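Let me begin by presenting the structure, written as structure tokens, before commenting on it.
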Amino acid sequence: MTSIIDRGTTPLGHRRSKFSGERTPRALIFLVLIWACLAFSFLFLLILIVTTFIDGADRFTLSLFTEYPASSPDRAGARPAIIGSAWVIGTTAVLTIPLGVAAAIHLEEFADKRKWYNRVIELNVQNLAAVPAIVYGLLALAVLSFLGVQNKNIVIGGALALGLLILPVIIISTREAIRSVPIEIRQGSMALGASKWQTVWRQVLPASVPGIATGSILALSRALGEAAPLLVLGALVFLSFDPNGLLSGFTTMPIQIFDWTSRPQAGFQELAAATSILLLGLLVIMNGLAIFIRNRFQTRW
Amino acid sequence: MTLVKESGGPASAPGRQAQTQFKGRKRYGELIIITVLRSAAILTVLTTIGIVLALLIPALGFFQQVPVTDFLFGDRWAPRFADASFGVIPLITATIWTTCIALLVAIPIGLGAAVLLSEYAKPGLRKVLKPILEILAGVPTVVYGYFALTFVQGTIFRDWLKLETGAFSVLAAGLVMGVMIVPTIASISEDAMNAVPQSLRQGSAALGANRMQTSIRVVFPAALSGIVAAVVLGVSRAIGETMIVALAAGNQARIVGGPLEEGQTMTGFIANAALGDSRVGSLEYDTLFAVGLLLFFVTLLINFISIQFVRRFREEY
Amino acid sequence: MTDPTTTTPATTQGSSHAAAASAGATSTGTGTGATPASESGIDGMGPNNTSPTADSNLTDGADILHQQPGMTVHLTGRAASEALPEKPNGIIRCEDVNVYYGNFRAVTGVNLDFGFNEITALIGPSGCGKSTLLRSLNRMNDLVEGARVEGKVTFQGADMYAPEVDAIEVRRRIGMVFQKPNPFPKSIYDNIAYGPRVTGMKVSSMDDLVEEALTKAALWTEVKDKLKQSAFGLSGGQQQRLCIARTIAVKPDVILMDEPCSALDPIATVRIEDLMHDLRKEYTIVIVTHNMQQAARVADRTAFFTALADEGTGDRTGVLVEYAKTSKIFESPDDQRTEDYISGRFG
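Okay, here's the thing in structure tokens:
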């Protein structure tokens, strides 16, 4: 890209500088500007993390993990929110991952793409991925109302909302993982007399497990940080007990952060920051795990 | 299975036509599995139908009491007041403000980052920069909301810049939301730019263009439909975002006249109203779904536009 | 009888070719002259293969000989080609085959019989539909969306596109080796064992089967100490022989090879060609190749395809130009186009 014909006095092939044609003032300004774009984003991220740590460091103590919410910030902790997050995300994972992987396998391996209904399903998945999170909350609210559930703030309801929210994400990432398995592997398997399903089950799926795991972990980390749909279900409650089952009432970390942030007392804002540190830490771990799986176990074709 | 393997042999003479029938095993198990897989795929369609029904039925109840025209064109939103009024215009103005501010931030920064990553950065550098950029997409929106409210609005706008603003503003919410969608726009645009054939760049370079000229005059136009798709998707994310606006934009539903005013967006209203205890079937409950329906249709429409653009840029190469 | 000179290029190919040739010579010497191809086939089949085949095999061979008494057998890699019947017996038979991809007709009006335990080469310029035709011989085309076969393709007289036919069973009987080696991301052992496992073969000892398949594919000595290692660690040529071994392990009747050497270096190519000579004793082989010398070296019969432009639409479609014994195709082809292609004037 840098090989520019030199019209100067130097003989051809002797460039005066490494970036002769790239050194016009405009080109330099452009380069500075696009670097500034990235620098701004990174600086923003840095400030966000630093201020959150500064705000929350004092309250990032054991009591955050052991105490229940209280009317006074000094005595309050996020214990039920932490346990509630674990319950809801766990349930979401169990419900959604098998479903999403199954749907992705159907779309990628079995569906005849020339049939209109399969194209409808594809288009539909793309659309679901763009539906605002809060609409999934309304969906779960309506479903629970339809079923006659009185208290809608239950773990299974939250998992329903978050599960449907990340279902398209899991489908899309699983399809990508499946698609990265070369067609030659499928042909090789089929040419040996394996059926389509045997090929999928014994060749395609094992080879795409790292990709599926990575995509699923990332989707779950999105669900872990999501608050809007749960807010609609009424998950913003004072819990003085630990969530302990699918029908148990719950609150989650993001909801707890929302609650504490919107209170005027500075003490609660510190708690919100402290809980944010915990949440960010968990997300870093999950993302790190996803990257590790991708780099360590991905088959290189 | 009537395999020649057991009965005949690999070489029955052709004229004999003996046991060759190619009758396979009956694979009932696989039929069941394939049915299960198909059901999972169909469930995604049921989800959409479920969303539409879940929103439509209560919304219809709402529209029996409030005329559609009053809803869409009324300029006063006061569902909880004694003289309740259901004009959605105030919610829409706040949504437009936050969305536009977010796009003003996200489009230039996102595209700049995309050009840098796709046209300038060497693979090694790109491998480091891109994941860092994508961390921005992984930060929970509620944390962004906290940051917008306490740091951007509280510390920067009020303490440092001494701006004439209250506890909330659409500007703070929009700015932070803009940064949130930078990775979305950057990563889809970068994909589109990467899809531009190398031969176009080489052709441009062979004519003596430098990298900036090649980026702006060759790569950018060639990737335009993908870039538009990225921007449209960014719009859809900005409109649907809830937690940042619920925390930082304010809770007063009124027509927003300037960036430093507070305002309640459509999503902000749903989040806020859900905090109250609304009985199933009450007008208040139905109002949630009417606004939700509007939100759903707007994002659906935007997303269809985006898909059309993506399809076009896929066809181009 | 064709002139023996046509076979001499093979002898000069390399020492391994000479070895294969002398092996052929030995068995010829011991037999009655009728048995070389068939009997050595039985020997090599091992316990898992059934003998009734060999019966019919033997009969066929004998028939041929009775028709051609007093034949001489040349001590070259293509010795057995001298025993070729005038016409292939049609273990696979194409009748008026057209292959379509959507509306595009890739292959038009092919009538072609393949001979049992013969190596048939399909040659021709790019886009002449030879690979497409090959893939329609074991229904691999089914996997391509929009692909459709018209006409009749029979295997041992049975129409393989009949509605009640199980395409999976067709592929088990008619295996395929691809252009690029495509080992599975598994161990060498599991690559071989995969086919027998998925097809539900009753195997008394998988270890024996793996050894047998690798031995037949001339790979056993090279890999016997690293069976549990990933197949990706093998060289390209070894990977391709692994793919052949993998195909042999499910005991097919026919092996289709789609330019099996095009991704390999010359030395690996020679090894695969040697291997094909050995395999011919037991298997019918159809090979698509871009390399005319390869066709001349390995094939008993050769079919030359070319692409014709449709007068109306201008779409190019593949047609069979000429099909005969390899020696005839390369020495005195009937069709001018064949001659042009062979002599390098076209293609």
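Chains as they are written, first to last, in the working numbering: chain A, 1 to 301; chain Y, 302 to 618; chain H, 619 to 965. Beta carbons are placed, not taken as given, at the ideal position from N, Cα and C, and that holds for glycine. Model, not experiment: these values are computed from the prediction.
In the DSSP assignment, residue 872 of chain H falls within the unbroken beta strand (DSSP E) covering 872 to 876. In this structure, DSSP gives residue 757 of chain H a state outside helix and strand, which the three-state scheme calls coil.
With 16 or more other CB atoms across the displayed protein chains lying within 10 angstroms of its CB, residue 870 of chain H is buried. Residue pairing from DSSP places residue 712 of chain H in a beta bridge opposite H:730 and H:771.
Between residue 544 of chain Y and residue 442 of chain Y, the beta carbon gap of about 4 Å places them in contact (Cβ cut-off 8 Å). Distance from the CA of residue 805 of chain H to the CA of residue 848 of chain H, rounded to the nearest whole angstrom, comes to 4 Å. Leaving aside the five residues that flank residue 169 of chain A on each side, the residues in its chain whose CB is nearer than 6 Å to its CB run, in chain order, 219. Rounded to the nearest whole angstrom, the CA to CA distance from residue 841 of chain H to residue 908 of chain H is 30 Å.
Beyond the five residues adjoining it in sequence on each side, residue 837 of chain H comes within less than 7 Å, by CB distance, of 856, 859, 860 and 863 in the same chain, given in chain order. For residue 512 of chain Y, the closest Cβ of chain A is nearer than 8 Å. Rounded to whole angstroms, the separation of the alpha carbons of residue 384 of chain Y and residue 167 of chain A is 42 Å.
For residue 940 of chain H, the beta-bridge partners assigned by DSSP are H:922. Contact between residue 572 of chain Y and residue 134 of chain A is confirmed by a C-beta separation of about 7 Å, below the 8 Å threshold. In the three-state scheme derived from DSSP, where H, G and I count as helix and E and B as strand, residue 916 of chain H is classed as helix. Residues of chain Y with a Cβ closer than 9 Å to the Cβ of residue 33 of chain A are, in chain order, 409 and 413. For residue 556 of chain Y, the secondary structure class from DSSP, reduced to helix, strand or coil, is coil. By alpha-carbon distance to residue 540 of chain Y, the top candidate from Y:600, Y:421, Y:547 and Y:409 is Y:600.
A straight-line Cα-Cα distance of about 6 Å links residue 157 of chain A and residue 140 of chain A. For residue 794 of chain H, the uninterrupted beta strand (DSSP E) run begins and ends at 792 to 795, by DSSP. Scanning chain A for C-beta atoms nearer than 8 Å to the C-beta of residue 417 of chain Y yields 34, 35, 37 and 38, reported in chain order.
Close partners of residue 108 of chain A in chain Y (Cβ separation under 7 Å) are lacking, with about 10 Å as the shortest Cβ gap. For residue 604 of chain Y, the closest Cβ of chain A is nearer than 8 Å. Taking one beta carbon from each stretch, the region 383 to 400 of chain Y and the region 483 to 498 of chain Y have fewer than 3 pairs nearer than 8 Å; the two do not touch. Within 10 angstroms of the beta-carbon of residue 729 of chain H lie fewer than 16 other beta-carbons, which makes it exposed.
182, 184, 185, 186, 187, 188, 189, 190, 191, 192 and 193: these are the residues of the region 165 to 193 of chain A whose beta carbon lies less than 8 Å from some beta carbon of chain H, given in chain order. Counted as a single uninterrupted DSSP element, the alpha helix (DSSP H) harbouring residue 540 of chain Y occupies residues 525 to 541. Chain-order list of chain Y residues neighbouring residue 67 of chain A: empty, with the shortest C-beta distance near 20 Å, by a criterion of under 8 Å. Within 7 Å of the CB of residue 126 of chain A, no CB atom of chain H is found; the nearest one sits about 20 Å away. Distance from the Cα of residue 242 of chain A is smallest, within the candidate group A:104, A:58, A:154 and A:196, for A:154. Exposure of residue 583 of chain Y is indicated by the presence of fewer than 16 other C-beta atoms within 10 angstroms of its C-beta. When only Cα atoms are considered, residue 343 of chain Y and residue 609 of chain Y end up about 23 Å apart. DSSP places residue 116 of chain A in the helix class (H, G or I) of the three-state scheme.
Around residue 800 of chain H, the beta-carbon contacts reaching into chain A at under 8 Å are 182, 184, 185, 187 and 188. In this structure the region 560 to 575 of chain Y does not lie against the region 499 to 510 of chain Y, because fewer than three pairs of beta carbons, one per stretch, are closer than 8 Å. Any Cβ of chain A closer than 8 Å to the Cβ of residue 761 of chain H would place that residue at the interface, and such an atom is present. Judged by DSSP in its simplified three-state form, residue 147 of chain A adopts coil rather than helix or strand.
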